[in-house]
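A.B. asks: Here it is: the structure, laid out below.
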Amino acid sequence: MTEITETELPGIGKRFKLNLRKGGTMTVVVRLDGERDVYYREMEEDEPSVFSLTELEAREVSSILVGTYYKLRPLEMLEEAMEAKAGLHSVTVPRSTTVAGRPIGELDIRKRTESSIVAIVRDDGTSLPNPDPSTTIEPDDVLVVIGNVEAVERLKTLLVD
C-alpha cells in the first residue's frame, strides 16, 4: 500500500502527498472552502500540472476511482428535479393495500393527507392523467402526487393502514 503523508496548512486546509509506484507524485490540497487543488509531478524537478475541483466534482471523481459511480437515468433525473422543484412524487401502491378497489373521493385523500393525486399509471402501463374522484386505486398503481414530503408520507401510511 502506498503511503500518504498528511500536512496541516494553517489558514489553507490540508495537504495530502502520494508517491506513485510508477514514479512521480500526486498532491491534493483540500482547502477550507471545500475546493481541491490537485498537483501531479512526474519528476521532482518538473513543474507540476495543476487543476482544481469543487467539493462536488471531487466526490464525483472519487466515486469513479473507487468504482461506485452511478449515473442517473433520464427518468430518475426528472423525478429528482420534480420532487425538488414542484413537490411532485411517485408512490407505488403496495400489493397488500387495504384501499384496493376504493375510489379516490371515498378515501378523502386530499383532506386526510394534504396531497393530491394528479395521475395514475396502472400496472399494465395505462396512464390516467387527472383522475376524477370515482377513479379507484389498485395494487401496483403508481400514483403521481403533489405535496410536501410529510403529505406524501401520510399518503403512504394511508395506503398500508
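Position one of the sequence shown corresponds to residue 6 (the numbering used here), numbered consecutively onward.
Backbone N, C-alpha and C fix where the C-beta goes; we use that ideal spot for every residue, glycine too.
This structure is a prediction, so every number in the text was calculated from the model and none was measured.
Does DSSP put Arg46 in a helix, in a strand, or in coil?
C.D. replies: If you number the sequence shown from 1, residue 46 lands on position 41. The answer is strand: DSSP assigns Arg46 an E or B state.
A.B. asks: For Gly18, name the three-state secondary structure that DSSP assigns.
C.D. replies: Numbered from 1 along the sequence shown, position 13 holds the residue referred to as residue 18. Strand at Gly18.
A.B. asks: So what does Arg36 bridge to, in DSSP terms?
C.D. replies: Mapped onto the sequence shown, residue 36 falls at position 31. In DSSP, Arg36 forms a bridge with Gly18.
A.B. asks: For Ile69, count neighbouring C-beta atoms within 10 Å of its own C-beta (all shown protein chains included) and say buried if the count is 16 or more, exposed if not.
C.D. replies: The count along the sequence shown starts at 1 and reaches residue 69 at position 64. Ile69 should be labelled exposed.
A.B. asks: If you run the structure through DSSP and keep just helix, strand and coil, what is Ser124?
C.D. replies: To locate residue 124, count along the sequence shown from 1; it is residue 119. Before going further, note that residue 124 is Ala rather than Ser in the sequence given. If DSSP states are grouped into helix, strand and coil, Ala124 belongs with the strands.
A.B. asks: Considering only their Cβ atoms, is the gap separating Leu163 from Arg117 smaller than 8 angstroms?
C.D. replies: Against the sequence shown, residue 117 aligns to sequence position 112. Against the sequence shown, residue 163 aligns to sequence position 158. Against a cut-off of 8 angstroms, the Cβ pair of Leu163 and Arg117 comes out as a contact.
A.B. asks: Which one or two residues does DSSP pair with Leu58 in a beta bridge?
C.D. replies: Residue numbering aside, residue 58 sits at position 53 when the sequence shown is read from its first letter. The partner list for Leu58 (beta bridge, DSSP) reads Arg41.
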